[in-house]
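Colleague: Below: one structure in structure tokens.
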Amino acid sequence: MESQQQNSVLRALADRAAIERLVTDYLRSLDERAFDDDWARSVFTEDASTRTPAGTHEGAEAQLTSMREAMALFARTVHFGSNIAVDLEGDRATVRWNQLSTHVLGTPERLFESGGHVNAEAVRTPDGWRLRRMVLNITWTKGDPPVLPGRP
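Here is the structure:
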């Protein structure tokens, strides 16, 4: 019985580490502009749903398209995630992290900064943990935000 408990604890630790790495890799990919065709499927499930200031997007392909469009508004960015909390429930997890984002816009350079938190759901897939739902809740901003495509 003790061996089963140890295995359960080890699996939970490994799952938490994998989910924390997923969040870290996601945030790093935003700054590295690593949006190749495999990007969305390495982060999101096929039926992923996200809500950010850039809008609500459904499906992995929409995540890729929306991220390319949104990040094209900035010359450079730095996204910082902290206090990643993972609550495991079998092959599903609720995840929350704080997020600070610094965006450099145009010429002359201007900064747009935001802070808030993300509420997400991650699921275990045959390819590892992926985000199924993600909502970015902005609680403060500093500077003038960019004009999002298709919006006045």
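Letter by letter, the sequence shown follows residues 1 to 152 in full-length UniProt numbering.
Beta carbons: idealized from backbone N, C-alpha and C, even for Gly.
On a predicted model such as this, the values are computed, not experimentally measured, just so you know.
Taking all protein chains shown into account, do 16 or more other C-beta atoms lie within 10 angstroms of the C-beta of THR45, making it buried, or fewer, making it exposed?
Modeller: With 16 or more Cβ atoms within 10 Å of its Cβ, THR45 is classed as buried.
Colleague: Less than 8 Å between the CB atoms is what I'm expecting for TRP97 and SER82, so what's the real figure, rounded?
Modeller: So it is a contact: roughly 7 Å between Cβ atoms.
Colleague: Taking the straight line between their C-alpha atoms, what separation do you get for ALA60 and ASN137?
Modeller: When rounded, the distance between both Cα atoms is 20 Å.
Colleague: Out of ASN7, HIS117, SER8, PRO108, state which residue places its alpha-carbon closest to the alpha-carbon of VAL23.
Modeller: Ranking ASN7, HIS117, SER8, PRO108 by Cα distance to VAL23 puts HIS117 first.
Colleague: Which residues mark the beginning and the end of the alpha helix (DSSP H) in which LEU13 is found?
Modeller: Start and end: 2 to 32.
Colleague: To test your reading of the DSSP string, which unbroken beta strand (DSSP E) runs of 3 or more residues are found completely within the UniProt domain "SnoaL-like" (12 to 134)?
Modeller: Here the runs fully enclosed are 44 to 52, 55 to 58, 76 to 89, 92 to 105, 110 to 125.
Colleague: Could you name the residues of the same chain whose beta carbon sits closer than 8 Å to that of ASP15, not counting the 5 residues immediately before and after it, in chain order?
Modeller: The residues are VAL86, LEU88, ALA93, ARG124, TRP129.
Colleague: Check whether the Cβ atoms of GLU2 and ILE84 lie closer than 7 Å to each other.
Modeller: No, the Cβ-Cβ distance between GLU2 and ILE84 is not below 7 Å.
Colleague: Who are LEU136's beta bridge partners in DSSP?
Modeller: In DSSP, LEU136 forms a bridge with VAL118.
Colleague: Would you say VAL147 and ARG51 are within 7 Å of each other, going by their C-beta atoms?
Modeller: No.
Colleague: Using the rule of at least 16 other Cβ atoms within 10 Å of the residue's Cβ for burial, across every protein chain shown, is ALA72 buried or exposed?
Modeller: Its Cβ having fewer than 16 others within 10 Å, ALA72 is exposed.
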